[in-house]
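Residue numbers (this note's numbering), protein chains in the order written: chain A, 12 to 127; chain B, 14 to 143; chain C, 8 to 101. Notes for the one structure printed next.
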Amino acid sequence: MIITLITAALLAVMGAYCVVAKKNLLKKLIGLGIFTNFIHLMFISMGYLEGGIAPIITPENILSFPVRAVDPIPQALVLTSIVVQLSVTALALSVTILAYRHFKTLDTDKMRDLRD
Amino acid sequence: MDVIIRTVIKGIAPFIILMGVAIMFHGHLTPGGSFPGGAMVASGFAIIAVAFGADEAEGKISEKAVHMLEGLAILVVAYVILFETFVRSYSGLFGLFGLWSSVEVMALNVAGGIMVLGALTLVVLLLLKE
Amino acid sequence: MKAPEKVLLAACLIAIFVVITGVFASPLFMKWENKKVARYYNENGLEATGSSNIVSAIVWDFRGFDTMGEETVLFAAAAGVLAITGLNFVRRKK
């Protein structure tokens, strides 16, 4: 579908802007999460079929299922990717806690000056 | 925290945990499976930990027990995936669209759900103390 | 940020926007006749595993080793957070 791809492109622009142009460390992590969500949305919307149904077999649609179902492979890959994004966010937050204890600030401009 | 929040959460938290366990068990019939079900049960534990404070939550859900549960669940997942041809012979016991139509996928969903639950609860309880 | 750096950032972001909608919305990536593996999974998923949910059959049976690796990553991340925020598991008796 074209509309979900345009939405994904807007999310990419917003996520890239947050990672590059913000100075607070927590806001950069939020931008990284937005960028990962853009990747997932684009990946799933590439496997769309016109007038398709979800890939779950019920007693009603068992005969016409192989013709009408959408692509199930990107959904399986994105499930794994969501868990990996969760692990990256958890570890990044605990490293931010360590950095705050050491530098006493969350500003990346000041973290560059106090080089020990 | 407040009396209103504590009373409401005492009434609503068992339903959240029950919903998560139901989604975990029916992973081969409806959309869902291990990851959404485990996340919902972890949300139930997290809402209890936020409303009642970190010290009282530590008495009910200890972190050592959660860590050991995680280690056990990943061993079950590894063994069932490596020896899955023996578990597959029990599939289709009582019909095609019933609960026992696929023992292999159901057992793996439950074990993976316990794994995800353990990891998310551990992270929430540890970051709550900071 | 100064003015020329802002113009460069805006140009890069517009380039990202155009490339993504131009390349990935084209019929090269969205044609259903070229997807042989997805058609095989859709047709033979029910009788190979017995589960009605094709996505669960892919995640746990056809591509089970990817899920095993992902669970290892989750365990390693939880152990890493445990090691950083610190917890005493072993009480030494003196």
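Every residue gets a Cβ at the ideal spot worked out from N, C-alpha and C, and that includes glycine.
Your pair Arg46/C and Pro77/A checks out as a contact, with CB atoms roughly 7 Å apart and the cut at 8 Å.
Put simply, the backbone Cα of Gly126/B is about 35 Å away from that of Ile27/C.
Residue environment: His41/B is assigned as buried (16 or more neighbouring CB atoms within 10 Å of its CB, all protein chains considered).
Ala120/B sits in a helix when the DSSP states are folded into three classes. Here the region 49-58 of chain B lies against the region 133-143 of chain B, with 3 or more beta-carbon pairs under 8 Å apart.
Secondary structure at Asp118/A: strand, using DSSP grouped into helix, strand and coil. Within chain A, not a single residue places a beta-carbon under 9 Å from that of Pro27/B; the smallest gap is close to 25 Å.
The beta-bridge partner set that DSSP reports for Ala65/A is empty.
Under the three-state reduction of DSSP, Asn41/C is assigned to coil, being neither helix nor strand.
In the displayed model, Asn49/C falls within a helix according to three-state DSSP.
In this structure the region 104-122 of chain B touches the region 66-82 of chain C; the number of beta carbon pairs closer than 8 Å is three or more. Of all C-beta pairs linking the region 35-49 of chain A to the region 60-77 of chain A, fewer than three are shorter than 8 Å, placing the two stretches out of contact.
For Asn35/A, DSSP records a beta bridge to Asp118/A. For Ser63/C, the enclosing alpha helix (DSSP H) starts and ends at 61-64. Going by DSSP, Thr20/B is part of the alpha helix (DSSP H) stretching over 16-38. For Ala80/A, the pairing in a beta bridge is given by DSSP as Ile64/A.
Residues of the region 35-58 of chain B with a Cβ closer than 7 Å to any Cβ of chain A, in chain order: Pro44, Phe48. DSSP, read as helix, strand or coil, puts Ile61/B in helix. Minimum Cα-Cα distance from Lys23/B among the listed residues Phe48/B, Ala64/B, Leu85/B, Ser47/B corresponds to Ala64/B. In terms of Cβ geometry, Leu139/B and Thr79/C do not form a close pair [threshold 8 Å]. In this structure, DSSP gives His41/B a state outside helix and strand, which the three-state scheme calls coil.
Contact between Leu16/C and Val31/A is confirmed by a C-beta separation of about 7 Å, below the 8 Å threshold. If you compare the alpha carbons of Ile18/B, Ala124/B, Asn122/B, Trp113/B with that of Ile60/B, the shortest gap goes to Ile18/B. Taking CB atoms only, Leu121/B has no neighbour in chain A less than 8 Å away.
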